[in-house]
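Sequence lines, in order, name chains A and B.
Under my numbering, the first residue of the first sequence carries the number 1, and numbering increases by one thereafter.
Under my numbering, the first residue of the second sequence carries the number 1001, and numbering increases by one thereafter.
Note that CB positions come from ideal geometry on N, CA and C, so glycine has one too.
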Amino acid sequence: MEIQRVNAIVTHGLTKTYTSHIGRSGMRALDGLDLTVAENEVFGFLGRNGAGKTTTIKILCSLLHPTGGRAEIMGRDIRLREARRAIGFLPENPYFYEYLTPRETLHFYGRLSGLDTSACGREWDKLSKLLDLTEIGDQRIRGFSKGMRQRVGCAVALVGDPPVLILDEPMSGLDPLGRRMVREVILRMRDEGKTVFFSSHLLSDVEQICDRVGVLVQGKLTVSGRLNELLTRRIDRIEIIATGLTEGAAAAEFAEAFERHSEDGDHFSVTEIGAANRLVERILAKGGRLFLFNPMRESLEEYFMRQQEESR
Amino acid sequence: MRILAVAKNTFREAVRDKVLYVLLFLAAAAIFGSKALGWISIGQDIKIVKDISLAAISVFGVLIAIFVGASLIYKEIDKRTLYIILARPIHRYEFVIGKYLGLAAVLAVVTVAMTIVAIAYILVLGGDVDAVFLEAVLLIYWQLLLITALATLLSSLASPILGAIIVFSVFVFGNATGILVDLPEQLRGTSTEWIFRLVYYVIPNLANFDIKAEAANGVPVTGAYVVWALAYGFIYTAMLLVVAAAAFQDKDV
């Protein structure tokens, strides 16, 4: 019998209009967002500043109330407290009580999640090891660096073992070590069966760890899908390197595709897969050998920029 | 349990804040300084010390209630510390009540501390402390609870400065509601009279909690009066907290 899997996050026509106090004009930050994030998936939520990423996340965490549409976390309406039981939330630049220590902070949020004191202690033991907080556990957060705060933030998001993690720009402002730490936490959580939904504009990080991405432009989801599906939609060009061709023949015979000669061999570039195959056949017929056949996929950066341009 | 966690944290925030100790020091200084006024009015030392001690407990309590209370929720929104809290499985009213109870606990500790200092000083000066003095302290605390509830309500709606001004105004007029209906002849029948009358009925009559004169003079107050004042304060406070929770329920943060 097939087990019915619940989607971790679903939104239907989620809309948010901010109304100003003066006059009736409003700013539509989210415009009918339909989004589905499957269980145990790492979903990258992309968009420029002001695209509506934080608004979406705040609605999912019940900090904002949508003006239209609805959303569910693990099958439960977000207006219900039970939906929030399933969430671990890391806001952008997490703010903590400066007068608390990381240990006290974790206990506090653990208590708010319904854990008793001994369970909070166990969570601290586990998470302080995972996030390397043991040494700074009893220092007040006031004076902590951005990286240290983010580690505390990750620990807070994980306390109570929620199945869905919602992280708002978790790598923003971190140094390479900090970004690696967040990346490792995300992948580890996926391995533990959790769902991770995170927003970012650091495309390289998204590319490395996401199963799927969604691109938000002016409050609308312009595209979402598996990363490799999205990226193979457009192969910019195909790079071919061949060896064994007589000197000068490559440039003369295949002038339309020839680029340069290097230690590796002769470099060719074509934009279409059929042309690439015909080129390879001709190279082999001339006694050349294929050294590299590399379809150059559009990078996520380029893809993202194209989405932005096309939506204008 | 979640309410207690929020309350405990609010309490912890206050006791780790140096401002609280400065205020406590000033209150103690006022209590000890009261003897100076006692010298001026010969033979009235103890009475003056009792009167000023109770006034100090009230005023410094109100200062804490206003300045901490008026930013109680505003600060959480402004500093974004409540993002992670409200994303937890907590009802918003639990957060509001927890914040309120945390500050109420701080005020309880401050009131008890100031009372202990005052009583010790009175005893050292050779005076005695009777039940009406303790009843006066209890009613001062009850008034602080009401003021704090109003400050909590305003802290989710207005900026701390506006909130503090409103709460302070209510404190001043609430202690002298009589002037709102005891108007000069020329105001009778004007719209000003109606506005004052409306204010008279809306703001709490804080003079109900003021038995400082009785306490200073050792004049007993009936138990029934104390119970009535406690009930009056409880109803007002509960209403303000219900409104505070409702105002915060659908607020976008």
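Check: Residue-chain proximity (residue 45/A, chain B), Cβ-Cβ < 7 Å; Outcome: no
Check: Residue 1107/B beta carbon less than 7 Å from that of residue 1146/B; Outcome: no
Check: Complete beta strand (DSSP E) runs within the segment 68 to 137 of chain A (minimum length 3 residues, chain order); Outcome: 68 to 73, 87 to 90
Check: Strand pairing of residue 213/A, partner residues [DSSP]; Outcome: 44/A, 225/A
Check: Integer Cβ distance of residue 218/A from residue 51/A, believed to fall under 8 Å; Outcome: 6 Å
Check: Three or more C-beta pairs below 8 Å linking the segment 1153 to 1171 of chain B and the segment 1064 to 1074 of chain B; Outcome: yes
Check: Near-chain B residues of the segment 105 to 133 of chain A - C-beta to any C-beta below 7 Å; Outcome: 108, 109, 111, 112, 113, 114
Check: Integer Cβ distance of residue 78/A from residue 197/A, believed to fall under 8 Å; Outcome: So it is not a contact: roughly 13 Å between Cβ atoms.
Check: Stretch pair the segment 1236 to 1245 of chain B + the segment 1092 to 1107 of chain B: three plus CB contacts closer than 8 Å; Outcome: yes
Check: Residue interval of the alpha helix (DSSP H) (run including residue 1168/B); Outcome: 1160 to 1174
Check: Proximity of residue 1090/B and residue 112/A at Cβ, strictly below 7 Å; Outcome: yes
Check: Own chain, CB closer than 7 Å to residue 1085/B, minus 5 neighbours either side, in chain order; Outcome: 1095
Check: Nearest to residue 1167/B (by Cα), restricted to the options 1248/B, 1249/B, 1067/B; Outcome: 1067/B
Check: Candidates 268/A, 75/A, 264/A, 31/A: closest to residue 252/A by CA position; Outcome: 268/A
Check: CB contact check: residue 1093/B to chain A, cutoff 7 Å; Outcome: no
Check: Straight-line gap, residue 259/A to residue 250/A (C-alpha atoms, nearest Å); Outcome: 10 Å
Check: Span of the alpha helix (DSSP H), counted from its first residue to its last, around residue 1229/B; Outcome: 1223 to 1249
Check: Residue-chain proximity (residue 63/A, chain B), Cβ-Cβ < 7 Å; Outcome: yes
Check: Beta-carbon neighbours of residue 84/A, restricted to chain B and to distances below 7 Å; Outcome: 1087, 1088, 1089
Check: Option in 257/A, 37/A, 245/A with minimal Cα separation from residue 323/A; Outcome: Residue numbering for chain A in the displayed model covers 1 to 312; residue 323/A lies beyond these limits and cannot be assessed.
Check: Distance, residue 229/A Cα to residue 277/A Cα; Outcome: 22 Å
Check: Enclosing alpha helix (DSSP H) for residue 1111/B [first to last residue]; Outcome: 1092 to 1124
Check: Neighbour flag for residue 89/A against chain B, beta carbons, 7 Å; Outcome: yes
Check: Alpha carbon of residue 1127/B to alpha carbon of residue 1046/B, nearest angstrom; Outcome: 6 Å
Check: Contact with chain B by residue 99/A, beta-carbon distance below 7 Å; Outcome: yes
Check: Ranges of the alpha helix (DSSP H) found wholly within the segment 230 to 297 of chain A, counting only runs of at least 4; Outcome: 249 to 253, 273 to 285
Check: Residue 237/A beta carbon less than 7 Å from that of residue 271/A; Outcome: yes
Check: Uninterrupted alpha helix (DSSP H) stretches inside the segment 133 to 207 of chain A (no shorter than 4 residues); Outcome: 146 to 158, 176 to 191
Check: From 31/A, 162/A, 170/A, residue whose alpha carbon lies closest to that of residue 194/A; Outcome: 162/A
Check: Contacts of residue 1073/B in chain A (Cβ-Cβ under 7 Å); Outcome: Result: empty, since nearest Cβ-Cβ is about 14 Å, beyond 7 Å.
Check: Alpha carbon of residue 1055/B to alpha carbon of residue 1012/B, nearest angstrom; Outcome: 27 Å
Check: Beta carbon of residue 1069/B nearer than 7 Å to that of residue 1103/B; Outcome: yes
Check: Residues bridged to residue 19/A [DSSP beta-bridge criterion]; Outcome: 26/A
Check: Nearest to residue 1180/B (by Cα), restricted to the options 1165/B, 1205/B, 1163/B; Outcome: 1205/B
Check: Short Cβ contact (7 Å threshold) for residue 212/A with residue 45/A; Outcome: no
Check: Residue 7/A - partner residues in DSSP beta bridges; Outcome: 38/A
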